[in-house]
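Participant:
In this note's numbering, the protein residues as written are 563 to 1025.
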């Protein structure tokens, strides 16, 4: 063999020799349920196991997966936090407000799904207070903390649907002061801390005490938003005083109005997948059975309320904000609150009692993958649903403001001031565009939020 042929052969074999030292086969499961394939020394980008088409692009870089791609920007070790306190007036005449809080909780959550600072996605915690109800009693000054700060939104939803409007109107000042002073608010200045106090005549009582309570909360970096339930008029004067003290604008809402949601051909499939998603939860520990029942009950509550509320809850269940670390084994393992090698058999459901540790781990991983598969299906259907709604949004007449949009408007405003980034539901991630598709964009102004938005989707390219 001539010297030239030997040199040519070495040049051809060089790439294989370079990668031979780290060649490996197999897969790894990350926290999102994505699989990274290791094959012949090349690390392929993560992709969902139910998407075998290798022509998909890497969601971070947008490069085709068979090419090399740059490492994404490292995510900070600490994720930003959104803390939201909801203080509701539960005196007589506030039934509409309570109903709106229960049915529109999920639409507010969905509006925050994309919240992030840089590459770090945000976490969400919610606390619930009520005041004014005779059921609380004078010894508690007619106010109580219903749910402490929690990331388990089903707990908040459960208590919202259990609230009853009964009693005389009473000042909100004590409830605001209690929420601002006794809660475990984040000390980090970049975190978003908001307190929403919503009521009727109670916001007109004891204006001096209200001003002092709002001012005390504002001094701690908590943005206070007063939401007055009314149909006509400009609202009580202390709402403007509160706005002057905290730098916020107050809002008035129509508590009797129900949000009209445009029906789409994808709604039934989304609701069906939402029910199927419940089957992927593995109850464990003392709260396991209660958590399963609570999840099913909240599905029933929103189904009885309206189709729109049920759709919003289904979409929220497909998001990262829907976590149940205290009773679901998959969420607990992902949050490192449970170790499969140490979980006792008595804490597991009966169908896992006869399994070995290896079999339990395999079962948990398979259910985690199935859950991520269903969640991605819901998100894909929502992309189509948003595109359908976008075409018909502008034919709707102006709608009165309700609790959910009023809260979301305030969160988006303050979040942007704190450095958060948001995208409207339906925004399209270029990393998931299929080959042979074309990007179609709708732009406009949301009539309720009063903000500009853009909805981007991908549709098959007509040839």
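We treat Cβ as the ideally placed atom computed from N, Cα and C, and that holds for glycine.
With a cut-off of 8 Å on the beta carbons, I'd call residue 694 and residue 652 a contact; round off their distance for me.
Facilitator: As a working note, residue 694 is residue 132 in the chain shown. As a working note, residue 652 is residue 90 in the chain shown. 5 Å between Cβ atoms; contact.
Participant: Given this structure, state the Cα-to-Cα distance separating residue 826 from residue 864, to the nearest angstrom.
Facilitator: Numbered from its first residue, the chain shown carries residue 826 at position 264. Numbered from its first residue, the chain shown carries residue 864 at position 302. Approximately 18 Å, taken between the alpha carbons.
Participant: For the beta strand (DSSP E) that contains residue 738, what are its first and last residues?
Facilitator: Start at 1 with the first residue of the chain shown, and residue 738 comes out as number 176. Residue 738 -> not in any beta strand (DSSP E); alpha helix (DSSP H) instead, spanning 735 to 744.
Participant: Where does residue 911 sit, in a helix, a strand or coil, going by DSSP?
Facilitator: To locate residue 911, count along the chain shown from 1; it is residue 349. Here residue 911 sits in coil by DSSP.
Participant: Can you find the residues in the same chain that come closer than 6 Å, C-beta to C-beta, to residue 914, ignoring five residues on each side of it along the sequence?
Facilitator: Start at 1 with the first residue of the chain shown, and residue 914 comes out as number 352. The answer, listed in chain order, is 922.
Participant: Among all the DSSP beta bridges, which residues are the ones paired with residue 678?
Facilitator: If you number the chain shown from 1, residue 678 lands on position 116. DSSP output for residue 678 lists 683, 983 as bridge partner(s).
Participant: With a threshold of 8 Å on Cβ separation, who are the neighbours of residue 641 within its own chain once the five nearest residues in sequence on each side are excluded?
Facilitator: Start at 1 with the first residue of the chain shown, and residue 641 comes out as number 79. Cβ within range, chain order: 682, 683, 684, 685.
Participant: Please work out which residues of its chain come closer than 7 Å, Cβ to Cβ, to residue 838, disregarding the five sequence neighbours upstream and downstream, and give them in chain order.
Facilitator: One-based indexing of the chain shown puts residue 838 at position 276. So the qualifying residues of the chain are 936.
Participant: Is the beta carbon of residue 813 closer than 8 Å to that of residue 830?
Facilitator: Looking up residue 830 in the chain shown gives position 268. Looking up residue 813 in the chain shown gives position 251. No, Cβ-Cβ distance for residue 830 and residue 813 is not below 8 Å.
Participant: Roughly how many angstroms separate the alpha carbons of residue 877 and residue 770, rounded to a whole number?
Facilitator: Here residue 877 refers to the residue found at position 315 of the chain shown. Here residue 770 refers to the residue found at position 208 of the chain shown. For residue 877 and residue 770, the distance between alpha carbons rounds to 42 Å.
Participant: Closest to residue 824 by CA distance: which of 690, 951, 709 is it?
Facilitator: Reading the chain shown from its first residue, position 262 is the one you call residue 824. Closest by alpha carbon: 951.
Participant: Starting from the Cα of residue 647, find the closest Cα among 720, 973, 903 and give me that residue.
Facilitator: The count along the chain shown starts at 1 and reaches residue 647 at position 85. For residue 647, the nearest C-alpha among the options comes from 973.
Participant: Have a look at the DSSP bridge pairing and note the partners of residue 760.
Facilitator: Translated into the one-based positions of the chain shown, residue 760 becomes position 198. 650, 789, per the DSSP bridge assignment.
Participant: In its own chain, which residues sit with a C-beta less than 7 Å from the C-beta of residue 710, not counting the 5 before and 5 after it?
Facilitator: On the chain shown, residue 710 is found 148 positions in, with the first residue counted as 1. Excluding residues within five positions, the ones whose Cβ falls inside 7 Å are 689.
Participant: The beta strand (DSSP E) that contains residue 711, what's its start and end?
Facilitator: Position 149 of the chain shown, counted from the start, is the residue given in the question as residue 711. Residue 711 -> beta strand (DSSP E) spans 705 to 712.
Participant: For residue 615, is the classification buried or exposed, using 16 other Cβ atoms within 10 angstroms of its Cβ as the cut-off for buried?
Facilitator: As a first step, residue 615 must be located in the chain shown, where it is residue number 53. Here the model assigns residue 615 a pLDDT of 32, short of 50, so the residue's position is not dependable, and the following value carries that caveat. Per the 10 Å Cβ criterion, exposed.
Participant: Any heavy atom of the ligand HEM closer than 7 Å to the CB of residue 854?
Facilitator: The ligand HEM is not part of the structure shown, which contains no ligands of any sort.
Participant: Under 7 Å Cβ to Cβ from residue 755, same chain only, skipping five residues before and after it: list those, please.
Facilitator: Along the chain shown, read from residue 1 onward, the residue named residue 755 stands at position 193. Answer for residue 755: 645, 747, 748, 783, 784, 785, listed in chain order.
Participant: Thinking C-beta only, is residue 890 closer than 8 Å to residue 832?
Facilitator: Here the question's residue 832 lines up with position 270 in the chain shown. Here the question's residue 890 lines up with position 328 in the chain shown. The answer is no: Cβ separation not under 8 Å.
Participant: So what does DSSP say about residue 817, is it helix, strand or coil?
Facilitator: Stepping through the chain shown from its first residue, residue 817 is reached at position 255. It is coil, neither helix nor strand.
Participant: By DSSP, does residue 726 sit in helix, in strand, or in coil?
Facilitator: Position 164 of the chain shown, counted from the start, is the residue given in the question as residue 726. Here residue 726 sits in coil by DSSP.
Participant: If you draw a straight line from the alpha carbon of residue 620 to that of residue 713, how long is it in whole angstroms?
Facilitator: Within the chain shown, residue 620 is the residue found at index 58, counting from 1. Within the chain shown, residue 713 is the residue found at index 151, counting from 1. Low confidence applies to residue 620: its pLDDT is 37, below 50, so where it sits in the model is not reliable, and the reading given next is rough at best. So the two alpha carbons sit approximately 30 Å from each other.
Participant: If you draw a straight line from the alpha carbon of residue 873 to that of residue 732, how long is it in whole angstroms?
Facilitator: Here residue 873 refers to the residue found at position 311 of the chain shown. Here residue 732 refers to the residue found at position 170 of the chain shown. Answer to the nearest angstrom: the Cα atoms are 35 Å apart.
Participant: In chain order, what residues of the same chain lie with their CB nearer than 7 Å to the CB of residue 669, ignoring the 5 residues before and after it?
Facilitator: On the chain shown, residue 669 is found 107 positions in, with the first residue counted as 1. Contacts found: 874, 966.
Participant: Excluding the 5 residues flanking residue 977 on each side, which residues of the same chain have their C-beta closer than 7 Å to its C-beta?
Facilitator: Taking the chain shown and counting its residues from 1, one reaches residue 977 at position 415. Excluding residues within five positions, the ones whose Cβ falls inside 7 Å are 677, 754, 984.
Participant: Cβ of residue 847 within 8 Å of Cβ of residue 898?
Facilitator: Along the chain shown, one-based indexing puts residue 847 at 285. Along the chain shown, one-based indexing puts residue 898 at 336. No, the Cβ-Cβ distance between residue 847 and residue 898 is not below 8 Å.
Participant: Excluding the 5 residues flanking residue 969 on each side, which residues of the same chain have their C-beta closer than 7 Å to its C-beta?
Facilitator: Taking the first residue of the chain shown as position 1, residue 969 is located at position 407. Result list for residue 969: 670, 758, in chain order.
Participant: Report the start-end ranges of each alpha helix (DSSP H) in the region 854 to 903 that is 4 residues or longer and not cut off at the edges.
Facilitator: Complete alpha helix (DSSP H) runs here, min 4: 869 to 879, 891 to 896.
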